[in-house]
Amino acid sequence: MKAIRIRAPGGPDVLELVERDDPVAGAGEVVVRVRCAGINRADLLQRLGRYPAPRDVPADIPGLEFAGEIEEVGADVTGWSAGDRVMGILGGGGYAECAAVPAGQLLAVPPGFSWLEAGAIPEVFLTAADALVERGRLRPGEHALVHTAGGGVGTAALQLARAIGAASIIGTASAAKLDRIRAAGLPLDLGVDRHEGSFAEAVARHTGGAGADVILDTVGAPYWEANLASLATLGRLVIVGVLGGMKVQADLRQLMGKRATVVGTVLRARSKAEKADLTEMFATRFLPGFTAPEGDPSRLQPVIDRAFALAEAAEAHRYVESNRSFGKVLLDTGA
Numbered sequence: 003m004k005a006i007r008i009r010a011p012g013g014p015d016v017l018e019l020v021e022r023d024d025p026v027a028g029a030g031e032v033v034v035r036v037r038c039a040g041i042n043r044a045d046l047l048q049r050l051g052r053y054p055a056p057r058d059v060p061a062d063i064p065g066l067e068f069a070g071e072i073e074e075v076g077a078d079v080t081g082w083s084a085g086d087r088v089m090g091i092l093g094g095g096g097y098a099e100c101a102a103v104p105a106g107q108l109l110a111v112p113p114g115f116s117w118l119e120a121g122a123i124p125e126v127f128l129t130a131a132d133a134l135v136e137r138g139r140l141r142p143g144e145h146a147l148v149h150t151a152g153g154g155v156g157t158a159a160l161q162l163a164r165a166i167g168a169a170s171i172i173g174t175a176s177a178a179k180l181d182r183i184r185a186a187g188l189p190l191d192l193g194v195d196r197h198e199g200s201f202a203e204a205v206a207r208h209t210g211g212a213g214a215d216v217i218l219d220t221v222g223a224p225y226w227e228a229n230l231a232s233l234a235t236l237g238r239l240v241i242v243g244v245l246g247g248m249k250v251q252a253d254l255r256q257l258m259g260k261r262a263t264v265v266g267t268v269l270r271a272r273s274k275a276e277k278a279d280l281t282e283m284f285a286t287r288f289l290p291g292f293t294a295p296e297g298d299p300s301r302l303q304p305v306i307d308r309a310f311a312l313a314e315a316a317e318a319h320r321y322v323e324s325n326r327s328f329g330k331v332l333l334d335t336g337a
């Protein structure tokens with residue numbers, strides 16, 4: 003099979019197309035013919051040598067999500083057959099024509115969806131669902147604040163917040179991406195230009211001083227103080243990324259006074275059992291939303307910026323690093 007490997011830590015040019023042996027399905031696994039792989043910020047960090055792969059996946063082939071067809075079913079796998087159209091998350095190895103995947107991490111591709119549409123779903127929607135539901139415990143009637151709302155996780159989180167029944171959905175992004183969010187018809191009650199002043203003031207005005215009940219943060223340190231100021235009493239701050247920095251100084255009295263909760267979370271490093279539980283929750287609660295009719299608040303849609311050929315992985319990484327993308331950037335394997 004063809005695959006993209008990281009030759010050595012470094013810039014996009016260290017990504018190279020190579021030939022590798024096809025994987026074999028172990029117990030509890032399937033082998034998938036990968037038609038499409040998503041690009042995530044974690045892949046860029048892995049390429050730079052800052053985010054090593056778990057021990058049970060290829061160390062030098064990035065890729066945390068895929069869509070494709072099952073080619074081989076391993077022992078102890080039930081409910082899936084060769085030829086099934088599937089999508090899901092991986093610990094690594096997605097930038098390839100084939101991948102071995104734990105069966106518990108498989109989702110059925112929604113009827114009528116293209117490979118690119120399916121490939122734009124798993125990592126970002128599962129990450130957003132975990133943050134809002136499992137970690138943030140967002141309930142109907144609460145206010146949600148989503149940072150980097152124009153990114154893959156952000157566009158997924160906006161939609162999931164609506165499906166959950168949030169009273170209002172607030173997003174931060176550049177003015178250009180806020181315009182694209184509205185043009186795409188994504189739910190957004192208040193858009194805050196990240197270049198224009200403090201989002202905490204805008205959140206306070208919008209919520210009548212109550213604040214956001216759940217904040218999904220992908221930025222980290224630069225937003226720490228404004229996040230705490232924006233939290234409602236009993237609010238939950240869920241940190242899923244640290245694009246802007248990792249270290250903060252905290253005024254613990256703010257957390258104590260608001261009786262707030264701060265939760266940090268990652269998806270890649272979790273056990274197969276944890277990933278399977280999250281996948282099952284998403285399949286039951288949210289997967290039907292991708293085939294819900296127009297106008298249904300539970301309706302979900304993948305948001306795709308563009309796709310590159312597998313051999314163009316370096317160019318795809320450069321594009322993601324430019325911060326110009328809106329929604330998902332994908333690799334089409336051509337397999």
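Under the numbering used here, the first residue of the sequence shown is numbered 3, with each subsequent residue one higher. Where is the CB? At the ideal position from N, CA and C, for every residue including glycine. All values reported here derive from a predicted model rather than from experimental measurement.
Item                                                                                                                                 : Value
Endpoints, alpha helix (DSSP H) assigned at His208                                                                                   : Phe201 to His208
Whole-Å CB distance - Gly96 paired with Phe127, under 8 angstroms assumed                                                            : Between Phe127 and Gly96 the Cβ distance is about 16 angstroms, and since that is not below 8 angstroms, they are no contact.
Buried or exposed by the 16-neighbour rule on C-beta atoms within 10 Å, applied to Thr235                                            : exposed
Coil, strand or helix - Ile63 by DSSP                                                                                                : coil
Thr235 in three-state terms, based on DSSP                                                                                           : strand
Three-way DSSP call (helix, strand, coil) for Lys249 in this model                                                                   : coil
Helix, strand or coil at Arg320 according to DSSP, with G and I counted as helix                                                     : helix
Residue nearest to Pro25 in terms of C-alpha spacing, selected from Gly51, Ala231, Glu73 and Asp195                                  : Glu73
Candidates Arg164, Asp23 and Gly40: closest to Leu312 by CA position                                                                 : Gly40
Where Leu190 sits in the DSSP three-state scheme                                                                                     : coil
Contact under 8 angstroms by Cβ, Gly187 with Ala169                                                                                  : no
For Arg164, the three-state DSSP class (helix, strand or coil)                                                                       : helix
Beta-carbon contacts of Met248 that lie in its chain and below 8 angstroms, excluding the five residues immediately before and after : Gly222 and Ala223
C-beta atoms of Ala265 and Thr157 nearer than 8 angstroms                                                                            : Sequence check: residue 265 is Val here, not Ala. No, these two residues do not count as a Cβ contact at 8 angstroms.
In DSSP terms, what Val155 is bridged to                                                                                             : For Val155, which the question treats as bridged, DSSP gives no partner whatsoever.
Nearest candidate by alpha-carbon position, reference Ala42, set Ala337, Gly336, Val331 and Thr335                                   : Note that residue 42 is Asn in the sequence shown here, rather than Ala. The candidate whose alpha carbon is nearest that of Asn42 is Val331.
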